[in-house]
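Student: Got a structure for you, written out below as structure tokens; questions coming shortly.
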Amino acid sequence: MALKHGGIIRIAYVRLALNDSRLRQAQFFYCESLGLVETYRQPDRLYLRCWHEAFPYSLVLDEAPENRLVEIGFQVRDSKDMKQLENNVIRAGVEVAHHPAGVLSGMGESITFAVPGGPTLRLFADLPQIGYMTGFDSPDWVTPRPLRGTPAPFFLNHAGITVADPQAAVDFLTQALGFVISERIDSDDGRRLLSALLFRMQKEAGGQELAIFPGPAGRLHHIAFTKEDPNDILIDGQYLREAGVNIDIYGPTRQSYGKTFSLHFHDPFGVRLELCAGGRITEVHPEFEAVRWTESQLGKALSYFDRDLQAAFLQPSL
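Numbering (this note's numbering), first residue to last: 203 to 520.
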């Protein structure tokens with residue numbers, strides 16, 4: 203019996219534009235230091251994936267004059283569901299653009315639109331699987347030998363973005379696209395939503411595909427990748443430091459907001475990245491309730507061991 207999840211079924215990729223000639227520096231960092239795998243290369247574009255990802259890309263990098271977030275891609279079940287989501291977006295008063303197949307390698311027809319006060323999202327249904335690096339037949343679920351000695355994350359977990367009005371963005375994402383809030387941060391008086399973690403499918407690593415933060419419209423806060431357990435986070439921190447990578451304010455820590463063990467660091471272009479393990483198990487059902495945090499508990503929410511809020515962490519990285 204086939205699985206029949208409806209609507210959005212997964213976060214597929216994050217696409218960045220980087221000021222990097224032939225993307226040489228980006229390729230070295232993401233493949234040699236972080237442990238992603240190059241799938242395709244075009245003259246001004248690089249497609250990368252995690253080794254545990256069956257689809258061809260988790261991260262798409264474009265050569266461009268300036269560094270910026272281009273879009274975040276989500277795969278939907280089929281063309282019928284994509285049409286339904288398109289109608290929802292239009293009813294919400296948001297303009298939708300249609301694109302033919304081939305905008306990105308192997309991708310079928312797609313639509314794009316902007317989250318109110320936020321970034322561009324792309325929805326698509328068709329993208330061929332190229333298989334796990336370890337195969338589908340009796341795979342060895344261990345890090346492939348060429349990637350050992352790097353963090354080599356399993357797969358893309360979520361993207362953190364900044365939006366001009368968190369409440370408006372969350373209303374759109376929940377009502378038009380069917381996302382569910384797993385955790386949220388409210389002002390101490392309870393009148394304003396400041397931040398939210400949103401998921402569409404069951405997740406066991408943070409319960410999120412999107413993390414919403416207040417800030418400039420459409421900017422990137424961070425990109426997060428999944429690791430297996432907390433021990434990986436500590437070991438990967440050593441690999442990254444050995445490679446000369448800049449560890450962020452919150453190094454290996456227990457991030458209460460999402461209930462993950464996390465490590466934040468930066469690529470050579472200033473993009474904040476995260477490795478995370480664990481997390482609150484989330485599943486859409488009528489009794490599911492979001493965890494609520496208050497603004498006064500921000501320090502504890504972002505790093506349980508530090509407790510002191512580091513305001514710089516809340517700023518976008520791209």
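Positions of the beta carbon are idealized from the N, C-alpha and C atoms, including for glycine. The structure displayed is predicted, hence computed values, not measured ones.
Take every Cβ of the region 335-343, pair it with every Cβ of the region 363-380, and state whether three or more of those distances are shorter than 8 Å.
Tutor: No, they do not touch.
Student: How long is the line joining the alpha carbons of Ala204 and Ala214, rounded to whole angstroms?
Tutor: For the purposes of this step, residue 204 is taken as residue 2 along the sequence shown, with counting starting at 1. For the purposes of this step, residue 214 is taken as residue 12 along the sequence shown, with counting starting at 1. Confidence at Ala204 is low in this model, with a pLDDT of 44, below 50, so its placement is unreliable and the value that follows should be read with caution. The straight-line gap from Cα to Cα measures roughly 21 Å.
Student: Among the candidates His360, Leu442, Asp450, whose CA atom is the shortest distance from the CA of Ala426?
Tutor: Walking along the sequence shown from the start, residue 426 turns up at place 224. Of His360, Leu442, Asp450, the residue nearest in Cα terms is His360.
Student: Determine the direct distance from the alpha carbon of Phe415 to that of His468, and round the result to whole angstroms.
Tutor: Working through the sequence shown from its first residue, we reach residue 468 at position 266. Working through the sequence shown from its first residue, we reach residue 415 at position 213. Their Cα atoms are separated by approximately 18 Å.
Student: Rounded to the nearest angstrom, how far is the Cβ of Arg217 from that of Val262, given a contact under 8 Å?
Tutor: Locating residue 217 in the sequence shown gives position 15, counting from the first residue. Locating residue 262 in the sequence shown gives position 60, counting from the first residue. Contact holds; Cβ gap of about 4 Å.
Student: DSSP three-state label for Cys252, please.
Tutor: Sequence index remark: in the sequence shown, residue 252 carries index 50 (1-based). The answer is coil: DSSP assigns Cys252 none of H, G, I, E or B.
Student: Report the CB separation of Arg251 from Pro258 in whole angstroms; it is logged as a contact under 8 Å.
Tutor: For the purposes of this step, residue 251 is taken as residue 49 along the sequence shown, with counting starting at 1. For the purposes of this step, residue 258 is taken as residue 56 along the sequence shown, with counting starting at 1. Contact holds; Cβ gap of about 6 Å.
Student: With a cut-off of 8 Å, do at least 3 Cβ pairs link the region 476-485 to the region 423-441?
Tutor: In short, these stretches touch, since the Cβ pair count reaches three.
Student: If you measure between the beta carbons of Asn269 and Ala316, is that distance less than 8 Å?
Tutor: Locating residue 269 in the sequence shown gives position 67, where the first residue counts as 1. Locating residue 316 in the sequence shown gives position 114, where the first residue counts as 1. In this structure, Ala316 does not lie closer than 8 Å to Asn269 by Cβ.
Student: Our contact map puts Gly320 next to Ala398 with C-beta atoms below 8 Å; I'd like the distance itself, whole angstroms only.
Tutor: In the sequence shown, counting from the first residue as 1, residue 320 sits at position 118. In the sequence shown, counting from the first residue as 1, residue 398 sits at position 196. Going by Cβ atoms, the distance from Gly320 to Ala398 rounds to 12 Å, so no, they are not a contact pair.
Student: Would you identify the three-state DSSP class for Val291, choosing helix, strand or coil?
Tutor: For this step, residue 291 is matched to residue 89 along the sequence shown. Note: Val291 maps to helix in three-state DSSP.
Student: Runs of 3 residues minimum, wholly inside the region 378-447: which ones carry the beta strand (DSSP E) assignment?
Tutor: Correct list: 382-388, 395-401, 412-416, 421-428.
Student: Rounded to whole angstroms, what is the Cα-Cα separation between Ala256 and Ala371?
Tutor: Residue 256 sits at position 54 when you count from the first residue of the sequence shown. Residue 371 sits at position 169 when you count from the first residue of the sequence shown. Cα to Cα, Ala256 sits roughly 30 Å from Ala371.
Student: Rounded to a whole number of angstroms, what is the C-alpha to C-alpha distance between Arg386 and Gln410?
Tutor: Locating residue 386 in the sequence shown gives position 184, counting from the first residue. Locating residue 410 in the sequence shown gives position 208, counting from the first residue. Their Cα atoms are separated by approximately 11 Å.
Student: I'd like to know whether the C-beta atoms of Gly501 and Leu516 end up nearer to each other than 8 Å.
Tutor: For the purposes of this step, residue 501 is identified with residue 299 of the sequence shown, where counting begins at 1. For the purposes of this step, residue 516 is identified with residue 314 of the sequence shown, where counting begins at 1. No. Outside cutoff.
Student: What residue ranges within the region 310-355 form continuous beta strand (DSSP E) runs of no fewer than 3 residues, ordered along the chain?
Tutor: Within the region 310-355, the complete beta strand (DSSP E) runs of at least 3 residues are 312-316, 322-326.
Student: Would Thr364 pass as a contact of Gly417 if the rule is Cβ separation under 8 Å?
Tutor: On the sequence shown, position 162 is the one that residue 364 refers to. On the sequence shown, position 215 is the one that residue 417 refers to. Yes, these two residues count as a Cβ contact at 8 Å.
Student: Compare the beta carbon distance of Leu520 and Arg456 with 8 Å and say whether it is the shorter of the two.
Tutor: Stepping through the sequence shown from its first residue, residue 520 is reached at position 318. Stepping through the sequence shown from its first residue, residue 456 is reached at position 254. No, they are not a contact pair.
Student: If you drop the 5 nearest sequence neighbours on each side, which residues of the same chain put their C-beta closer than 7 Å to that of Gln447?
Tutor: The residue given as residue 447 occupies position 245 in the sequence shown. Looking at the sequence itself, residue 447 is Val, so the reference to Gln does not match. Ser235, Phe467.
Student: Label Ala228 either buried or exposed according to how many other C-beta atoms from any shown protein chain fall within 10 Å of its C-beta, with 16 as the threshold for buried.
Tutor: Working through the sequence shown from its first residue, we reach residue 228 at position 26. So Ala228 counts as buried.
Student: Would His300 pass as a contact of Ile313 if the rule is Cβ separation under 8 Å?
Tutor: The residue given as residue 300 occupies position 98 in the sequence shown. The residue given as residue 313 occupies position 111 in the sequence shown. Yes, they are a contact pair.
Student: Considering Cα atoms alone, identify which of Glu430, Ile274, Ser505 is closest to Pro454.
Tutor: Taking the sequence shown and counting its residues from 1, the one referred to as residue 454 is at position 252. It is Ser505.
Student: Using CA atoms only, rank isn't needed, just tell me which of Glu297, Phe326, Val296 is closest to Gly308.
Tutor: To locate residue 308, count along the sequence shown from 1; it is residue 106. Looking at the Cα atoms, Phe326 is the closest of the given residues.
Student: Quick one: what's got a C-beta closer than 7 Å to Arg443's C-beta in the same chain, skipping five residues either side?
Tutor: Numbered from 1 along the sequence shown, position 241 holds the residue referred to as residue 443. Closer than 7 Å at the Cβ level, and outside the excluded window around Arg443, lie Ile449.
Student: For chain D, check one thing: does any of its Cβ atoms lie closer than 8 Å to the Cβ of Arg386?
Tutor: As a matter of chain content, chain D is missing from the structure shown, which is built from one protein chain.
Student: Whole angstroms is fine: what's the gap from Asp367's alpha carbon to Glu240's?
Tutor: The sequence position of residue 367 within the sequence shown is 165, counting from 1. The sequence position of residue 240 within the sequence shown is 38, counting from 1. C-alpha separation (whole angstroms): 36 Å.
Student: Identify the continuous beta strand (DSSP E) that holds Ala513 and give its terminal residues.
Tutor: As a working mapping, residue 513 is identified with position 311 in the sequence shown. No beta strand (DSSP E) contains Ala513, which DSSP labels as neither H nor E.
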